[in-house]
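Numbering-wise, the numbering used here puts 241 at position 30 of the sequence shown, and it's gapless, one number per residue. Cβ coordinates follow ideal geometry from the N, Cα and C atoms, glycine included. Please read these numbers as outputs of a predicted model, since none were measured by experiment.
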Amino acid sequence: MKNIILILAIVFAFSCKDSPKVKQEVLDNSDSTSLSIGTPEIDTKINDSLLLEKGKMYAQTTQKVLGKNLMLNIQKNGPLGAVAFCNEKAYPLTDSMAIVHNAKIKRVSDKPRNQNNKASKKELEYIEFFKSKINNNESYEPILINENGITNFYSPIVTNTMCLNCHGVPETNIDPKVTQLLNDKYPFDEAIGYKENEVRGIWSISFKDE
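Printed below as a string of C-alpha cells:
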C-alpha cells in the first residue's frame with residue numbers, strides 16, 4: 212500500500228507541468244511583423260534561445276520545489292494534504308524561488324482557484340493561444356516578449372490524470388472530502404471541471420535580460 216501511495220505521489224507531484232515544446236514563439240513589441248495568437252496581434256522579431264532556456268529553467272526549478280513538497284504532503288495525508296499544502300505553502304515557496312532567481316514568478320489562470328492567481332487581459336490572450344495549439348495538436352514553444360530590457364516568459368500548465376483529483380469533475384474525479392475542503396478554503400473556486408490534456412493556466416515569469 213505504501214508503494215502505491217508513493218507512486219501516485221510521484222506522478223501527482225510532477226503533473227500539471229509544461230508539456231514538451233517544438234516551435235519557439237519569441238516576440239518583441241518594438242517592431243513590425245504581426246503574429247496572431249487567437250484574438251491578439253503581437254510583433255515577432257527576436258529569437259533568443261538563451262532567454263528561452265532561462266525562462267524554462269525558472270519554471271522547471273520552481274515546479275521541482277513545489278512538486279517535492281507536494282509529494283511529501285500527499286504521502287502523509289493523501290489528496291487532502293495536497294489541498295492543505297497548496298493553500299498554505301505554494302505561495303511562500305514560489306516567492307522564495309523568485310528571490311533565488313531574481314525574477315517575478317507567477318502561475319495564473321483563466322479559471323483560478325485562488326483569486327490572486329487570476330490572469331490579466333494579456334495573460335488571458337496567451338492562455339487562449341496555448342489552448343488553440345494543444346486542441347489542434349500543433350507544436351508550440353513558450354512565448355517570450357522583450358520590453359525595455361525585461362523578458363516576459365509564458366508557458367502552459369497542462370493537466371494530466373492526476374491533476375483531476377483536485378481539478379476534475381466533483382464526485383467523478385474529486386473525492387467528496389476533497390471537494391468539501393476546497394469549498395471551505397476557496398469559496399470562489401473556478402478551477403474544476405477539467406479533463407486530461409487541457410490548459411489549466413500558464414507560468415508568467417519576468418526577469419531582466421542580463
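Taking C-beta to C-beta, are Val369 and Val410 nearer than 8 Å?
Your numbering for residue 369 matches position 158 in the sequence shown. Your numbering for residue 410 matches position 199 in the sequence shown. It is a contact, given that the beta carbons lie within the stated cut-off.
Tell me whether Pro398 sits in a helix, a strand or coil according to DSSP, three-state version.
For the purposes of this step, residue 398 is taken as residue 187 along the sequence shown, with counting starting at 1. Residue state, collapsed to three classes: coil.
Between which residues of its own chain and Pro367 is the CB-CB distance below 6 Å, once the five residues before and five after are set aside?
What you label residue 367 is simply residue 156 of the sequence shown in a count that begins at 1. The answer, listed in chain order, is Phe341, Val410, Ile413.
Which residue's Cα is closest to the Cα of Glu336: Asn359, Asn325, Ile354?
Counting from one through the sequence shown, the residue named residue 336 turns up at place 125. For Glu336, the nearest C-alpha among the options comes from Ile354.
Taking the continuous alpha helix (DSSP H) assigned at Val311, which residues delimit it?
Within the sequence shown, the letter at position 100 stands for residue 311. Start and end: 301-312.
If we count Cβ pairs, one from each stretch, closer than 8 Å, do we get three or more for the stretch 344-361 versus the stretch 320-329?
no
Can you name the start and end residues of the alpha helix (DSSP H) that Ile413 belongs to?
Your numbering for residue 413 matches position 202 in the sequence shown. First-last for Ile413: 410-419, but that is the beta strand (DSSP E), not the alpha helix (DSSP H).
Got a sec, what are the start and stop residues for the alpha helix (DSSP H) Tyr337 sits in?
On the sequence shown, position 126 is the one that residue 337 refers to. That run of the alpha helix (DSSP H) goes 332-346.
DSSP three-state call for Ile165: helix, strand or coil?
One cannot answer for residue 165 here, as it falls past the ends of the chain, which runs 212 to 421.
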